[in-house]
Amino acid sequence: MRGKFITIEGCDGSGKSTQLKMLEACLIERKIDFVFTREPGGTPLSERIRELILDTSYGDTDKYTELLLYEAARRQHVVKIAKWLDEGKLVVCDRFTDSTLAYQGYGRGVDVESIELCNKIALGGQKIDLTIFLDLSPEESFARKGGADFGDRLETEDASFYRRVYEGYKHIAEDTERVVTVDARGSCEQIHDDIMAALVERGIL
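What follows is the structure in structure tokens.
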């Protein structure tokens, strides 16, 4: 049986890393064959592209150049994801196409048509079975993580950029049936329980 593909989305500091660790422990306990991966990244080539994207030494990067770098990393990654799914694994990805729409679309102002075309090429027909959106405002997110990481080029953006990204995520979640919104302001345990409930309700587990 072909595996399932789920993605975890949210602003930086929304708790994705913590929830992924809790989910990992749960999947191990249930003896579920799974793979955790991330974007940009997930393969050796994609990880090298990630380094280029986040490197602060290049200064300002054209928004379309940035988009194409993300999509190049994604295409190589999707080839690997398809292989894992063919092996029957549950694939869990930290960020995916919704991040591109939120950050490059709503945040940078790249037109949606360009993003959709690039995603179509990169995905090659690959579908997402479920997306979990951890809903936490950028103000709360950065307060939780103790401020921005200035070694990460994207985290050097101003507050208005992250407010646009967050509003973008909210619009995506409202308009997309595959997205389940989880309130990320609660305790780690409550958020985990809500994620597990969504996975069961959508037939992932």
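Counting from -13, one number per residue, gives the positions in the sequence shown under the numbering used here. Backbone N, C-alpha and C fix where the C-beta goes; we use that ideal spot for every residue, glycine too. It should be emphasised that the depicted structure is a prediction, and the values quoted were computed from it without experimental measurement.
message: Beta-carbon within less than 6 Å of aspartate 19's beta-carbon, same chain only, minus the 5 sequence neighbours each way: which residues are those?
response: Your numbering for residue 19 matches position 33 in the sequence shown. Cβ neighbours of aspartate 19 beyond the five flanking positions: Lys75.
message: Could you compute how far the alpha carbon of leucine 120 sits from the alpha carbon of asparagine 105?
response: Position 134 of the sequence shown, counted from the start, is the residue given in the question as residue 120. Position 119 of the sequence shown, counted from the start, is the residue given in the question as residue 105. Their backbone Cα atoms lie some 22 Å apart in a straight line.
message: So, with DSSP's three-state summary, where would you put arginine 24?
response: Sequence index remark: in the sequence shown, residue 24 carries index 38 (1-based). Here arginine 24 sits in strand by DSSP.
query: To the nearest angstrom, how far is it from the Cα of glycine 137 to the Cα of leucine 40?
result: Against the sequence shown, residue 137 aligns to sequence position 151. Against the sequence shown, residue 40 aligns to sequence position 54. Low local confidence applies: a pLDDT of 49 at glycine 137 is under 50, so the model's placement there is unreliable, and no value is given.
field: the segment 79 to 94 / the segment -8 to 11 touching (three or more Cβ pairs under 8 Å)
entry: yes
- prompt: What are the boundary residues of the beta strand (DSSP E) that includes cysteine 12?
  reply: Start at 1 with the first residue of the sequence shown, and residue 12 comes out as number 26. No beta strand (DSSP E) contains cysteine 12, which is instead part of the alpha helix (DSSP H) from 2 to 15.
- prompt: Straight-line CA distance for isoleucine 107 to leucine 55?
  reply: Within the sequence shown, the letter at position 121 stands for residue 107. Within the sequence shown, the letter at position 69 stands for residue 55. Cα to Cα, isoleucine 107 sits roughly 13 Å from leucine 55.
field: Pairwise C-alpha distance: methionine 8 and tyrosine 148
entry: Here residue 148 corresponds to residue number 162 of the sequence shown, with the count starting at 1. Here residue 8 corresponds to residue number 22 of the sequence shown, with the count starting at 1. When rounded, the distance between both Cα atoms is 26 Å.
query: Which of helix, strand or coil does DSSP assign to leucine 120?
result: Locating residue 120 in the sequence shown gives position 134, where the first residue counts as 1. Leucine 120: strand per DSSP, three-state reduction.
Beta-carbon contacts of glutamate 175 that lie in its chain and below 6 Å, excluding the five residues immediately before and after: Here the question's residue 175 lines up with position 189 in the sequence shown. Cβ within range, chain order: n/a, list empty.
- prompt: Taking DSSP as the reference, what is the three-state secondary structure of glutamate 73?
  reply: By 1-based counting over the sequence shown, the position of residue 73 is 87. Coil.
task: For cysteine 104, name the three-state secondary structure that DSSP assigns.
output: Looking up residue 104 in the sequence shown gives position 118. Residue state, collapsed to three classes: helix.
- prompt: Roughly how many angstroms separate the alpha carbons of glutamate 52 and arginine 60, rounded to a whole number?
  reply: The residue labelled residue 52 in the question sits at position 66 within the sequence shown. The residue labelled residue 60 in the question sits at position 74 within the sequence shown. Rounded to the nearest angstrom, the two C-alpha atoms are 12 Å apart.
- request: Look at the Cβ atom of cysteine 79, then the Cβ atom of glutamate 25, and state whether they are nearer than 8 Å.
  value: Position 93 of the sequence shown, counted from the start, is the residue given in the question as residue 79. Position 39 of the sequence shown, counted from the start, is the residue given in the question as residue 25. Cβ atoms of cysteine 79 and glutamate 25: closer than 8 Å.
task: Could you tell me which residues DSSP puts in a beta bridge with aspartate 169?
output: In the sequence shown, residue 169 corresponds to position 183, counting from 1. According to DSSP, which records beta bridges pairwise, aspartate 169 is partnered with Asp121.
query: Is alanine 62 near histidine 178, with beta carbons less than 8 Å apart?
result: Locating residue 62 in the sequence shown gives position 76, where the first residue counts as 1. Locating residue 178 in the sequence shown gives position 192, where the first residue counts as 1. In the sequence under discussion, the amino acid at residue 62 is glutamine, which differs from the alanine named in the question. Taking 8 Å as the Cβ cut-off, glutamine 62 and histidine 178 do not qualify as a contacting pair.
message: Helix, strand or coil for phenylalanine 128? Go by DSSP, reduced to three states.
response: Here residue 128 corresponds to residue number 142 of the sequence shown, with the count starting at 1. Three-state result, phenylalanine 128: helix.
Status (buried if at least 16 other CB within 10 Å, exposed otherwise) for valine 186: The residue labelled residue 186 in the question sits at position 200 within the sequence shown. So valine 186 ends up on the exposed side.
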